[in-house]
Structure formats: structure tokens, C-alpha cells
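Colleague:
Numbering (the working numbering), first residue to last: 510 to 711.
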């Protein structure tokens with residue numbers, strides 16, 4: 510929901526930085542992997558009971574996630590690069606909730622399982638919609654220039670990052686926050702299925 514409002518603000522500075530990085534011979538795929546590595550460091554810190562310390566690599570990971578596209582635009586966009594980017598994103602989105610579950614399974618287990626299930630369902634509807642959009646030649650740049658169709662929803666990347674920041678700041682409230690956010694993910698998935706039904710029922 511917020512991505513289309515955030516992109517015009519962050520894309521120009523990201524593009525400038527991306528051009529500088531590309532000029533030094535750093536590939537977009539390398540930036541993607543650096544971002545994934547930072548996300549894994551954040552998850553490890555959460556497991557070790559240091560969610561506040563995890564904020565720095567977590568935000569660094571999301572900065573790299575925005576930067577890899579800018580580097581690709583400054584050099585050459587590839588299908589594999591887009592594939593690697595979405596794979597890294599989904600791994601990051603899975604590992605942060607899992608880290609909170611591993612940090613306190615008794616308190617966070619049920620809520621964490623519900624949250625991960627909602628991510629799974631929401632991700633399935635997202636990728637399925639992208640396949641249908643590609644098949645029908647539909648395009649959008651509302652969330653920026655992407656290698657696949659990004660369907661909008663109540664919860665998008667910006668909301669998820671803000672949610673993860675809240676989890677790190679208020680780790681003791683993981684369970685109630687996860688129940689609420691997971692429910693909204695299921696609602697987002699349902700609305701996306703409804704949109705696909707209305708657009709692609711042929």
C-alpha cells in the first residue's frame with residue numbers, strides 16, 4: 510500500500526548511488542547477495558537474543574535490496590538477476606520470523622507459525638498473479654521498475670520492513686504483532702485472489 514508512495518522518494522538517490530557502484534564494477538547480483546547476507550546476520554542476532562542490534566544489518570539488508578535494482582538499471586538487467594532478487598527477498602522474509610520463534614519457541618511458536626503460513630499464502634498469490642500478468646502482457650511500475658509484475662495490496666514491502674523494525678524494537682510483543690500482521694497478510698492474499706478472478710477469469 511505504501512510502496513507506490515515511497516518509490517518516487519527513494520528511487521532517485523538509489524539510482525545515483527547505483528550508478529556509482531556500477532562504475533566500480535560491482536554487479537547487481539553481488540549487491541543482492543550482500544543484502545541477503547546482512548539479513549541472515551540480523552536473523553542470527555535475533556536468535557541470540559539481540560533484536561535491537563539486529564536492526565542495523567536488517568535495515569542494511571533492505572537498503573541493498575533497493576540498491577541492487579538501481580545497479581541493474583545502470584548496467585544490464587537480467588532475468589536471473591530478477592529471479593535471484595525475489596528468491597533472496599522471500600528467504601529474508603522467512604528467516605526473520607523464524608528467528609523470533611527460535612529465540613523463544615514457547616512464547617512465539619504458534620504466532621510465528623501463523624505468520625509464516627500467511628507469508629507462504631500471500632507469496633503464492635503474489636507470484637501466481639505475476640505469472641498471469643506476464644501471460645496476458647500486463648505491466649506496472651507502481652512499485653518501481655521490476656523484473657516481474659508486482660501486484661499491490663494492503664501489505665507490501667514497506668509495511669513488512671516497518672513490521673520487522675517494530676518486532677526488533679518490541680520483541681516481547683512478537684506474538685500479538687504477528688497475529689495481527691499475519692491476519693492482514695491473509696486478507697491481502699484474499700483480495701489478490703479476488704482481483705485475479707475479476708481480471709483473468711476467461
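C-beta atoms are modelled at their ideal positions from N, C-alpha and C, and glycine is treated no differently.
#1: DSSP state of residue 595, grouped into three classes?
#2: Would you call residue 653 buried or exposed, if buried means 16 or more other Cβ atoms sit within 10 Å of its Cβ?
#3: CB residue 677 to CB residue 567, shorter than 8 Å?
#4: What does a CB cutoff of less than 7 Å around residue 602 pick up in its chain, not counting 5 residues either side in sequence?
#5: My assumption, with CB atoms under 8 Å, is that residue 583 sits in contact with residue 531. Please give the rounded CB distance.
#6: Excluding the five sequence neighbours on either side, which residues of its own chain have a C-beta within less than 6 Å of the C-beta of residue 604, listed in chain order?
#7: Classify residue 665 as buried or exposed, calling it buried when 16 or more other Cβ atoms lie within 10 Å of its own Cβ.
#8: Go ahead and pull the three-state DSSP assignment for residue 535.
#9: I'd like the span of the alpha helix (DSSP H) that includes residue 623, first residue to last.
#10: Would you report the Cα separation of residue 615 and residue 586, rounded to the nearest angstrom?
#11: Contact defined as beta carbons within less than 8 Å: I believe residue 609 pairs with residue 543. What is the distance between those atoms, to the nearest angstrom?
#12: If you draw a straight line from the alpha carbon of residue 600 to that of residue 648, how long is it in whole angstroms?
#13: Less than 8 Å between C-beta atoms, sequence neighbours within five positions excluded: which residues of the same chain meet that for residue 673?
#14: By alpha-carbon positions, which one of 580, 549, 692, 565 ends up nearest to residue 524?
#15: Please identify the residue among 529, 595, 559, 528 whose C-alpha is closest to the C-alpha of residue 545.
#16: Helix, strand or coil, according to DSSP, for residue 668 in the structure here?
#17: Look at the alpha carbon of residue 646 and the alpha carbon of residue 663, and state the distance between them as a whole number of angstroms.
#18: What does the alpha-carbon distance come out to for the pair residue 570 and residue 708?
Modeller: For this structure:
#1: What you label residue 595 is simply residue 86 of the chain shown in a count that begins at 1. Helix, per DSSP.
#2: Taking the first residue of the chain shown as position 1, residue 653 is located at position 144. Any reading at residue 653 needs caution, since the residue's pLDDT is 49, under 50, leaving its predicted position unreliable; the model's value is listed next. By the neighbour-count rule (16 or more Cβ atoms within 10 Å), residue 653 is buried.
#3: By 1-based counting over the chain shown, the position of residue 677 is 168. By 1-based counting over the chain shown, the position of residue 567 is 58. Closer than 8 Å, so yes.
#4: Residue numbering aside, residue 602 sits at position 93 when the chain shown is read from its first letter. Here residue 602 has 628, 669 as same chain residues with Cβ atoms under 7 Å from its own Cβ, once five neighbours each way along the sequence are excluded.
#5: As a working note, residue 583 is residue 74 in the chain shown. As a working note, residue 531 is residue 22 in the chain shown. Contact flag correct, Cβ pair sits at about 4 Å.
#6: Within the chain shown, residue 604 is the residue found at index 95, counting from 1. Same-chain partners within the cutoff: 552.
#7: Reading the chain shown from its first residue, position 156 is the one you call residue 665. With 16 or more neighbouring CB atoms inside 10 Å of its own CB, residue 665 falls in the buried class.
#8: Counted from its first residue, the chain shown places residue 535 at position 26. Residue 535 falls in the coil class under three-state DSSP.
#9: Along the chain shown, read from residue 1 onward, the residue named residue 623 stands at position 114. Segment 614-644, the alpha helix (DSSP H) holding residue 623.
#10: Numbered from its first residue, the chain shown carries residue 615 at position 106. Numbered from its first residue, the chain shown carries residue 586 at position 77. Our two residues, residue 615 and residue 586, have alpha carbons roughly 44 Å apart in a direct line.
#11: Taking the chain shown and counting its residues from 1, one reaches residue 609 at position 100. Taking the chain shown and counting its residues from 1, one reaches residue 543 at position 34. With a Cβ gap of about 23 Å, residue 609 and residue 543 do not count as contacting.
#12: Within the chain shown, residue 600 is the residue found at index 91, counting from 1. Within the chain shown, residue 648 is the residue found at index 139, counting from 1. Residue 600 and residue 648 have their C-alpha atoms some 25 Å from each other.
#13: Within the chain shown, numbered from 1, the residue matching residue 673 stands at position 164. Taking residue 673 as the centre and dropping the five residues before and after it, the same chain places the C-beta of 567, 605 closer than 8 Å to its C-beta, in chain order.
#14: Start at 1 with the first residue of the chain shown, and residue 524 comes out as number 15. The closest CA to that of residue 524, considering only 580, 549, 692, 565, is found on 580.
#15: In the chain shown, the residue the question calls residue 545 occupies position 36. Nearest C-alpha to residue 545: 595.
#16: By 1-based counting over the chain shown, the position of residue 668 is 159. Helix at residue 668.
#17: For the purposes of this step, residue 646 is taken as the residue at position 137 of the chain shown. For the purposes of this step, residue 663 is taken as the residue at position 154 of the chain shown. Residue 646 and residue 663: Cα-Cα distance of roughly 24 Å.
#18: On the chain shown, position 61 is the one that residue 570 refers to. On the chain shown, position 199 is the one that residue 708 refers to. Straight across, the Cα-Cα distance linking residue 570 with residue 708 is about 35 Å.
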